[in-house]
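The listed protein sequences derive, respectively, from chains D and F.
Residue numbers for the first sequence follow full-length UniProt numbering, beginning at 1 and rising by one.
Residue numbers for the second sequence follow full-length UniProt numbering, beginning at 1 and rising by one.
Here the structure comes first, spelled out in structure tokens, and everything after it is commentary.
Number of protein chains: 2
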Amino acid sequence: MKWDTLEEEPCSLARTVAVIGDRWTLLILRECFLRVRRFEAFQSSLQITRHLLSERLKKLVRFGILRRVPYSETPKRYEYILTQKGLELYPIIMAMVHWGDTHMGDERGRPLLHEHKSCGKLFDPVMVCSECGEVLHAKQVHVHAGPGRKEASLETT
Amino acid sequence: MKWDTLEEEPCSLARTVAVIGDRWTLLILRECFLRVRRFEAFQSSLQITRHLLSERLKKLVRFGILRRVPYSETPKRYEYILTQKGLELYPIIMAMVHWGDTHMGDERGRPLLHEHKSCGKLFDPVMVCSECGEVLHAKQVHVHAGPGRKEASLETT
DNA sequence: CAACTTAGTTCCTTTTTTAGACTGACGCCT
DNA sequence: AGGCGTCAGTCTAAAAAAGGAACTAAGTTG
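Next comes the structure, spelled out in structure tokens:
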């Protein structure tokens, strides 16, 4: 499986991975959610090489996750802003942060705390079923082949 | 930033990315959640090179995400099973699948449908606040530095 | 005994990533 | 006007990672 074909696999995970499934892209997105928007700011906070940063930003723009918006005419300068499609990556990022908090923490405690403005409390993200609102566990989910695939149905572990 | 130092960054996202933040690892995990457990099965369904598969499985075992369990004594054969720590990656995988379903779909419809055994319905995963149960949006979250970091507080976009 | 299976390892080539210098268009200071 | 600094990149050589394909080892099957 080549990376240019990954995008066309009949699997939504593979398609997502084709876009954001590499280490730098995920870290760039973290910065985006922390309101970083400019080339120099990404570069200095991530210590990513300028070359790769340039490539990754282009890719994120190409996929409609970031918008390249001019903020100065002379000289021409641009910043990178999350689109709606990009903002919707938030659950992925938060799920990763939460897993890291839970399983990769050290004695010093969490690096960041998240406050929900609506209720004013510090929270953790929880994934629930859209239909019944119950917390989701892998073992309670049964997977069926959908219209975008023709194989037999499968069940999760 | 080098990949061996990433794990020690004061950022839970970086730490998670250090473990599962590459394309093959994410695809291997997808297979794990679809009950694939054996070397040959991973290899033939993913078309990953045997070399890389071997490396990635070792890494996942080292981080306690998979357990290498013998299923035959003579010859010695092992299979790879998700640990509890591994099962808890489910929200990350599901969030990625859901984003792919929403933003990377084609005219044929979804590759897979998910049924929640508890309520019997086809569902989408939704991320909510652990405290008030409301659906989470990036713009309603305020980020503070926690004990594991010393910098000033930040706010999300 | 030859062929097959499973779970890898080894070797060599190709692709990606890294590190760091370089460019170009300006803006600011004196 | 000259020199310095900033921003958003590009370029190049060297190192690291991934890909491809053959090979090993231990046992099983026909």
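Glycine residues also receive a C-beta, built at the ideal position from the N, C-alpha and C atoms.
Just so it is clear, the structure is predicted and the values come from calculations on it, not from any experiment.
Across which residues does DSSP place residue i in a beta bridge pair?
i: residue 129/F; result: 125/D
i: residue 72/F; result: 77/F
i: residue 114/D; result: 143/F
i: residue 50/D; result: BP columns for residue 50/D are empty, so no partner.
i: residue 67/D; result: 81/D
Excluding the 5 residues flanking residue i on each side, which residues of the same chain have their C-beta closer than 6 Å to its C-beta?
i: residue 63/D; result: 19
i: residue 129/F; result: 136
i: residue 124/F; result: 98
i: residue 101/F; result: 110
i: residue 115/F; result: 122
i: residue 153/F; result: The predicted position of residue 153/F is uncertain, since its pLDDT is 44 and thus under 50; a value taken from the coordinates is nonetheless stated next. Closer than 6 Å at the Cβ level, and outside the excluded window around residue 153/F, lie 144 and 145.
i: residue 60/F; result: 66
Between residue i and the rest of its own chain, which residues show a CB-CB distance below 8 Å, the 5 nearest in sequence each way excluded?
i: residue 52/F; result: 24
i: residue 46/D; result: 24, 27, 28, 31 and 53
i: residue 112/F; result: 97
i: residue 127/F; result: 91, 95, 135 and 136
Using the C-alpha atoms, what's the distance from residue j back to residue i?
i: residue 121/F; j: residue 98/F; result: 16 Å
i: residue 148/F; j: residue 14/F; result: 13 Å
i: residue 93/D; j: residue 75/F; result: 42 Å
i: residue 12/D; j: residue 108/D; result: 37 Å
i: residue 163/F; j: residue 72/D; result: Outside the displayed range of chain F (1 to 157) lies residue 163/F, so it cannot be described from this structure.
i: residue 66/D; j: residue 80/D; result: 6 Å
i: residue 82/D; j: residue 22/F; result: 22 Å
i: residue 34/D; j: residue 70/F; result: 45 Å
i: residue 132/F; j: residue 118/D; result: 8 Å
i: residue 106/D; j: residue 7/D; result: 36 Å
i: residue 57/D; j: residue 68/D; result: 9 Å
i: residue 40/F; j: residue 103/F; result: 32 Å
i: residue 5/D; j: residue 16/D; result: 13 Å
i: residue 86/D; j: residue 77/F; result: 43 Å
i: residue 48/F; j: residue 89/D; result: 27 Å
i: residue 55/D; j: residue 3/F; result: 19 Å
List the residues of chain F whose Cβ lies closer than 7 Å to the Cβ of residue i, in chain order.
i: residue 101/D; result: 12
i: residue 4/D; result: None at all; the shortest Cβ gap to chain F is about 12 Å.
i: residue 49/D; result: By Cβ distance, chain F contributes nothing, its closest Cβ being about 10 Å from residue 49/D, past 7 Å.
Within the continuous alpha helix (DSSP H) that includes residue i, where are the two ends?
i: residue 5/D; result: 3-6
i: residue 29/F; result: 23-33
i: residue 138/D; result: Here residue 138/D belongs to no alpha helix (DSSP H), and DSSP marks it neither H nor E.
i: residue 92/F; result: 90-103
i: residue 17/D; result: 12-20
i: residue 86/D; result: 84-87
I want to verify the contact list: residues of chain F whose CB lies under 8 Å from the CB of residue i, in sequence order.
i: residue 75/D; result: Simply none; closest approach about 25 Å.
i: residue 67/D; result: Under the 8 Å cutoff, chain F gives no residues; its nearest Cβ is about 12 Å from residue 67/D.
i: residue 130/D; result: 123, 124, 125 and 126
Note down, in chain order, every chain D residue with its Cβ under 8 Å from the Cβ of residue i.
i: residue 134/F; result: 116, 118 and 119
i: residue 28/F; result: The contacting residues do not exist; residue 28/F stays about 11 Å from chain D at best.
i: residue 88/F; result: 99, 102 and 103
Under 7 Å Cβ to Cβ from residue i, same chain only, skipping five residues before and after it: list those, please.
i: residue 43/F; result: 50 and 53
i: residue 37/F; result: 79, 80 and 81
i: residue 10/D; result: 148 and 149
What does residue i reach in chain D if we use C-beta pairs closer than 9 Å?
i: residue 38/F; result: Going along chain D, no residue has its Cβ under 9 Å from residue 38/F, so there is no contact; the nearest lies around 13 Å.
i: residue 143/F; result: 33, 34, 112, 113, 114 and 115
i: residue 43/F; result: Correct list: empty, because the minimum Cβ distance to chain D is about 11 Å.
i: residue 56/F; result: The contacting residues do not exist; residue 56/F stays about 13 Å from chain D at best.
Going along chain D, which residues have a C-beta under 7 Å from residue i?
i: residue 85/F; result: 103
i: residue 108/F; result: 147 and 148
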